[in-house]
Amino acid sequence: MNEHYKAAVNGLNLMKEITGSGAQPTEAMTMTAILAQATLAVAEEQAKANANLETANLIAYTQLCRLIRKQETAAAALELADQRMSAFPEIKAALAENASY
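Given below as structure tokens:
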């Protein structure tokens, strides 16, 4: 994704250079610039979301490790993992199925 991001930024910079040299921007150039900027904005937000997800996963892992280190029951550790993973619909369904046994 970094290569595509850099290519989009380079394209926008090139279009600025072209219009800066006195050439009139075309409708296609304008639309391309708008689409590239929108794509870059989405990519930036996705990068932020990925960083937040990684942080949440590290927090959950740390909580799980603390439970195990404190030598609490394995059931409590598994319960915490189940709580975290139940945010995913596919896993939530599997957990519900396992609970019925």
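This note's numbering applies: residue 1 is where the sequence shown begins, and numbers increase by one. Even for Gly, the Cβ is constructed at its ideal location relative to N, Cα and C. None of these values were measured; they are calculated from a predicted model.
- In this structure, DSSP gives A94 a helical state, which the three-state scheme calls helix.
- Each of E3, E54, G22, L64 was checked against the Cα of L40, and the nearest Cα belongs to E3.
- Excluding its 5 nearest sequence neighbours in each direction, M15 has C-beta neighbours in its own chain below 8 Å: P25, M29, T32, A33, listed in chain order.
- Rounded to whole angstroms, the Cβ separation of L64 and L80 is 6 Å, and the two are in contact under 8 Å.
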